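The sequence shown runs 4 to 277 under the working numbering.
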Amino acid sequence: MGETREDPVVDLRLDRAHSARIYDWFLGGRTNFAADREAAGQVLGVFPSAGEAARMNRAFVHRAARHLAREGLTQFLDIGTGIPTSPNLHETVQEIVPSARVVYTDNDPIVLAHAAALLRGRPEGRTAYVEADVTDPGSVLRAPELLATLDLGRPVALTLNALLHFITDDGRDRAHAVVERLKAALPSGSALVVTHGTSDFSPLATGRIMDIYARAGTPLQLRSKAEFQRFFDGWELVEPGITLAHRWRPDEPGEPGSPTAAEAVCYAGIARKP
4 MGETREDPVV DLRLDRAHSA RIYDWFLGGR TNFAADREAA GQVLGVFPSA
54 GEAARMNRAF VHRAARHLAR EGLTQFLDIG TGIPTSPNLH ETVQEIVPSA
104 RVVYTDNDPI VLAHAAALLR GRPEGRTAYV EADVTDPGSV LRAPELLATL
154 DLGRPVALTL NALLHFITDD GRDRAHAVVE RLKAALPSGS ALVVTHGTSD
204 FSPLATGRIM DIYARAGTPL QLRSKAEFQR FFDGWELVEP GITLAHRWRP
254 DEPGEPGSPT AAEAVCYAGI ARKP
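What follows is the structure, encoded as structure tokens:
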């Protein structure tokens, strides 16, 4: 009798907190477990507005996607997708452009396990999922699923939301090098969307958050405004330029009691390639 080949067993390490599941908990999702909720509770203990900051980041992602779809972008590459949370990127852009094409990318088996939710889009459009590591940009750009879905000779909206602070530089400026490699592969008219945590406004609290994530096995590198702005070098920033996520073209004017900079701790920006 021939040997039966079985798929490899993937250890999701549910007994340890995971950044994607912590974020899922902050967004009110259900793909999280006791270790994730415990870590999230520790984060809230030092930074009570963490959940609101996550939701503000998510709201910016939706506004950015709608803006770019209305500006005529029909191709989107979302790297560092995370656990699906409806409405996902393709649902947002295909409401405006039903024929839009979206490629999601992550290297996390937790995300892969839920990727089917990312592949249900409008019949006029197309979505795909690529398992690849952003720190190896070539593995993303060469992926057959990406090349079968997107035309890299036409403008692409590249989104890197709440991702780059998980790429530590280790003295090699790795995060900026990764972004430059991705930018170089895209043609004129493409867009870059980035959100990124910062310690500019709450250094004590964010320092404690970094300790919590480091203990969970996911080190963070929060960056200053100047470091964040470097990700857009050579491209033209869209108004209002670099700002906090909730202040980038909000759907509603700010109300009294709106989040302060110290509560938001997340920069956001969009730029277009000349």
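Think of the CB as a built atom: it goes at the ideal place given N, C-alpha and C, for glycine as much as any other residue. Being a predicted model, the structure only gives us computed values, none of them experimental.
Less than 8 Å divides the Cβ of residue 81 from the Cβ of residue 107.
DSSP, reduced to helix, strand and coil, places residue 81 within a strand of the structure shown.
In the three-state DSSP reduction, residue 117 falls in the coil class, being neither helix nor strand. From the listed residues 134, 171, 181, the smallest Cα separation to residue 224 is found for 171.
Distances from the CA of residue 154 to each of 263, 237, 28, 77 were compared; the closest alpha carbon is that of 77. Shortest Cα-Cα distance from residue 200 to any of 226, 36, 115, 142 involves 226. In this structure, residue 109 sits near residue 83, with a CB-CB distance shorter than 8 Å. For the pair residue 135 and residue 146, the CB atoms are nearer than the 8 Å cut-off.
For residue 273, the enclosing beta strand (DSSP E) covers residues 269 to 275. Going by DSSP, residue 163 is part of the beta strand (DSSP E) stretching over 160 to 164.
DSSP places residue 144 in the helix class (H, G or I) of the three-state scheme.
In this structure, 162 is the residue among 17, 128, 162, 123 with its C-alpha nearest to the C-alpha of residue 272.
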